[in-house]
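Everything below concerns the one structure shown next.
Number of protein chains: 2
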Amino acid sequence: MRTLILGATGGLGSALALALKGQELLLSGRRAAELRALAEKVGGQALPADLKDELEAKALLEEAGELDLAFHAVGSVARGSLREAERKAVESLLEDHLLSALFLLKYGRFRPGARLVFFGAYPRYVQVPGFAAYAAAKGALEWYLEAARKELRREGVRLVLVRLPAVATGLWAPFGGPPKGALSPEEAARKVLEGVLQEPPPEVLEV
Amino acid sequence: MRTLILGATGGLGSALALALKGQELLLSGRRAAELRALAEKVGGQALPADLKDELEAKALLEEAGELDLAFHAVGSVARGSLREAERKAVESLLEDHLLSALFLLKYGRFRPGARLVFFGAYPRYVQVPGFAAYAAAKGALEWYLEAARKELRREGVRLVLVRLPAVATGLWAPFGGPPKGALSPEEAARKVLEGVLQEPPPEVLEV
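For the record, the sequence lines run as chains A and B. Numbers 1 to 207, taken from our numbering, label the letters of the first sequence in order. Numbers 1001 to 1207, taken from our numbering, label the letters of the second sequence in order.
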């Protein structure tokens, strides 16, 4: 199963890579040294890239070749009130969540029956004061994917939109750590894989 | 009722302006000559601005002063497959739909009880092949607003998210005209006003 993990050096991406050890793994992320260390550990190939850069994203996906499975474990979080909303912060969130997914679907090559896994959000957790820009990025991603799902179906490619509760990763560092009850990355990765590898895969997987 | 219409030279915005003739109307749009003609017709004030420009948006909203009612009748449509997706096109849709709303909520001043009206979309109409980028812009807007709604409630400001079927406006020109069964702008404006002016206003108005 030729598998690409985008955001492999993140908390969830790393946990997915470890859980998939033994598969044919292609790992991408921005931090090249960490990525190489992870690739050695799981016997995968390190393909460092910044997915905000279209040429880098394109080169990465050409190098990755035909995939059976891909995880888009990419994202960032920011907080701010409506009155403090900053154009750059919003654009950066949209680049991290939406644009990287758009490039994966634009340049990725997928074998028939391939599964593409993305991470949306529970509306009630993100549509809250202070997180409007983050919510917008997740809403943009979810709506993009629901349109994309219908195009991909024609190619026999299945899209799984996963909604997770908070996961205890570095994303939460700026907010004093993850909220109570957050899943560990290992637990989240296990639940994601269990759901995604079902036959047939669910369209939306709520963990 | 001091009322601001953003996108007043658009099909829906003009129809709203005509239906609100007699109110204290502030009309904004990019096409200054058309805007002045409309303002004369309805007895309003023309405030031309390009809402993609933060300084113009800020100046406009300062000049508009304290509002009782605001309509964000701003948007654009584009079509393209996942493989043809263009970064610029997606960014432009997000600027038109999301960024202009963000600036309205960032710089607008609202009287207690004010109503702010935005136009979302029925997921089933926009989450379709060829419209993923448009869907993303509408999803971003809707999720941003649902988070914003909770912040605005503290200020006693009410947000109405309107979902309309297709409206026969110039937006459809690049696609050979509006789809069958599209509402006329006058009919859409009448239904929107009828819903928005209810007491209390609905959170989501599906026309």
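Beta carbons are placed, not taken as given, at the ideal position from N, Cα and C, and that holds for glycine. Note that the structure is a prediction, hence the values are computed from the model and not measured.
Local Cβ density within 10 Å of residue i, reported as buried at 16 or more and exposed below that
i, result
"residue 197/A", "exposed"
"residue 33/A", "exposed"
"residue 1103/B", "buried"
"residue 88/A", "exposed"
"residue 96/A", "buried"
"residue 280/A", "As displayed, chain A neither begins before 1 nor continues past 207, which places residue 280/A out of reach and without an answer."
"residue 65/A", "exposed"
"residue 1055/B", "exposed"
"residue 1221/B", "Only positions 1001 to 1207 of chain B appear in this structure, which leaves residue 1221/B out of reach."
"residue 151/A", "buried"
"residue 1037/B", "exposed"
"residue 173/A", "exposed"
"residue 1179/B", "exposed"
"residue 1185/B", "buried"
"residue 110/A", "buried"
"residue 156/A", "exposed"
Inter-residue Cα distance where the pair is residue i and residue j
i, j, result
"residue 1007/B", "residue 1177/B", "20 Å"
"residue 144/A", "residue 21/A", "31 Å"
"residue 13/A", "residue 90/A", "23 Å"
"residue 39/A", "residue 46/A", "6 Å"
"residue 1048/B", "residue 190/A", "55 Å"
"residue 1028/B", "residue 1162/B", "20 Å"
"residue 11/A", "residue 1200/B", "45 Å"
"residue 41/A", "residue 1119/B", "50 Å"
"residue 1031/B", "residue 3/A", "51 Å"
"residue 131/A", "residue 101/A", "21 Å"
"residue 1167/B", "residue 1081/B", "23 Å"
"residue 158/A", "residue 1071/B", "39 Å"
"residue 169/A", "residue 192/A", "15 Å"
"residue 182/A", "residue 1138/B", "30 Å"
"residue 153/A", "residue 1083/B", "14 Å"
"residue 59/A", "residue 50/A", "11 Å"
"residue 1/A", "residue 1005/B", "54 Å"
"residue 1018/B", "residue 1195/B", "17 Å"
Min CB distance residue i to chain D below 8 Å
i, result
"residue 1143/B", "The structure shown contains no chain D; its protein chains are A and B."
Proximity test, Cβ basis, 8 Å: residue i and chain B
i, result
"residue 28/A", "no"
"residue 206/A", "no"
"residue 75/A", "no"
"residue 54/A", "yes"
"residue 147/A", "yes"
"residue 98/A", "yes"
Proximity test, Cβ basis, 8 Å: residue i and chain A
i, result
"residue 1105/B", "yes"
"residue 1175/B", "no"
"residue 1102/B", "yes"
"residue 1140/B", "yes"
"residue 1051/B", "no"
"residue 1070/B", "no"
"residue 1006/B", "no"
Cβ separation of residue i and residue j, assumed to be a contact under 8 Å, to the nearest whole Å
i, j, result
"residue 106/A", "residue 1085/B", "5 Å"
"residue 116/A", "residue 73/A", "In fact, because the Cβ distance is near 12 Å, the residues do not count as touching under 8 Å."
"residue 1164/B", "residue 1207/B", "5 Å"
"residue 1061/B", "residue 1113/B", "Actually they are not in contact, since the Cβ atoms of residue 1061/B and residue 1113/B sit about 19 Å apart, beyond 8 Å."
"residue 1135/B", "residue 146/A", "7 Å"
"residue 1140/B", "residue 140/A", "4 Å"
"residue 1025/B", "residue 1043/B", "7 Å"
"residue 1052/B", "residue 1093/B", "Going by Cβ atoms, the distance from residue 1052/B to residue 1093/B rounds to 11 Å, so no, they are not a contact pair."
Residues from the region 1149-1172 of chain B in contact with chain A, defined by Cβ distance under 7 Å
Interface annotation for the region 1149-1172 of chain B against chain A: 1150 and 1151, criterion Cβ-Cβ distance under 7 Å.
Counting only Cβ-Cβ distances shorter than 7 Å, please list the residues of the region 1082-1093 of chain B near chain A, keeping chain order.
Of all residues in the region 1082-1093 of chain B, only 1082, 1083, 1085, 1087 and 1090 come within less than 7 Å of chain A when Cβ atoms are compared, listed by chain position.
Determine which residues of the region 1113-1137 of chain B have a Cβ less than 9 Å from any Cβ of chain A, and write them out in chain order.
Correct list: 1121, 1123, 1126, 1127, 1128, 1129, 1130, 1131, 1132, 1133, 1134, 1135, 1136 and 1137.
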